[in-house]
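Undergrad: Next up is a structure, given as structure tokens.
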Amino acid sequence: MASHVTSELAARMGKEVKALATSPPEGVKYVETDADQLTEIHAEMSGPTGTPYEGGTFRLKLVLGSDFPSAPPRGFFLTKIFHPNIAANGDICVNTLKRDWSSEVTLSHVLQVIRCLLIVPFPESSLNDEAGKLFMTSYDEYAARARLYTDLHAARRGAASPGPTLTEKNGDEAGEANAEANLAAKRKVEKEKKKQKENKKKGLKRL
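Numbering of the sequence shown is given in our numbering, commencing with residue 3 and proceeding in unit increments.
See the structure below:
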């Protein structure tokens, strides 16, 4: 993209980055990286209060193509998250980055909309089908899984780093697998208890 940069775009991005650094949206923090500011914008997002993401800090980036601002940037979560509108690879599905885009939309607004998505997901247009189905059919199970991912992947562990080490990554994956197994076992027990309760009611009716 650098070879196609115009003075207008460079000026715009200078203003955008300054705005993000000095007066970011609520719950958003601009993160300076070695990436070209004309192609990538990095930020950290705090999980909104009252959601399964509360207490987590999520790293994400906006990738600006050569046709920006005529076309919207692409958004990606770099921190693993369980959410109907966020794919396994971190790709974000939000209308502001698609059909509702206009060249006047600022990157601060884009990040604000993405954080709102953590508060009010849209399972009807999910990128993560499992999360979307759970959200629609059993919110408690969805929230438990989302909280599990938050605790394992988005909890603060000291100073920020470029990414997890191989050992940390393997540990997270093992912890995730164990925690999900525990959740599955818990659901099985609850289902069995419910079945026994129903059978007991049927038996009493026969009496």
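Every residue gets a Cβ at the ideal spot worked out from N, C-alpha and C, and that includes glycine.
1. In whole angstroms, what is the alpha-carbon distance linking R14 and A21?
2. Between which two residues does the beta strand (DSSP E) holding V112 run?
3. What does a CB cutoff of less than 8 angstroms around V33 pick up in its chain, not counting 5 residues either side in sequence?
4. Would L129 pass as a contact of I88 if the rule is Cβ separation under 8 angstroms?
5. Would S105 pass as a contact of S72 if the rule is Cβ separation under 8 angstroms?
6. From P125 to I83, what distance separates their C-alpha atoms?
7. Apart from the five residues just before and just after K100, which ones in its own chain have a Cβ nearer than 8 angstroms to its Cβ?
8. Would you say T2 and V65 are within 8 angstroms of each other, going by their C-beta atoms?
9. With respect to 7 angstroms, is the separation between the Cβ of L22 and the closest non-hydrogen atom of the ligand NAP below this value?
10. Tell me the DSSP secondary structure of F124 in three-state form.
11. Starting from F60, follow the beta strand (DSSP E) in both directions and report where the run begins and ends.
TA: Based on what the coordinates show:
1. So the two alpha carbons sit approximately 11 angstroms from each other.
2. Taken as a continuous stretch (DSSP letters only), V112 belongs to no beta strand (DSSP E), being part of the alpha helix (DSSP H) at 109-121.
3. The answer, listed in chain order, is H44, A45, E46, R61, A162.
4. Between L129 and I88, the C-beta gap is smaller than 8 angstroms, which places the two residues in contact.
5. A distance below 8 angstroms separates the beta carbons of S105 and S72.
6. Near 15 angstroms, if we compare the C-alpha coordinates of I83 and P125.
7. By the criterion of a C-beta distance shorter than 8 angstroms, K100 is surrounded in its chain by P74, once the five residues flanking it on both sides are discounted.
8. Residue 2 lies beyond the residue range present for the chain, which begins at 3 and ends at 209; the question has no answer from this structure.
9. As for the ligand NAP, it is missing from this structure, which has no ligand bound.
10. Residue state, collapsed to three classes: coil.
11. Unbroken beta strand (DSSP E) run through F60: 59-65.
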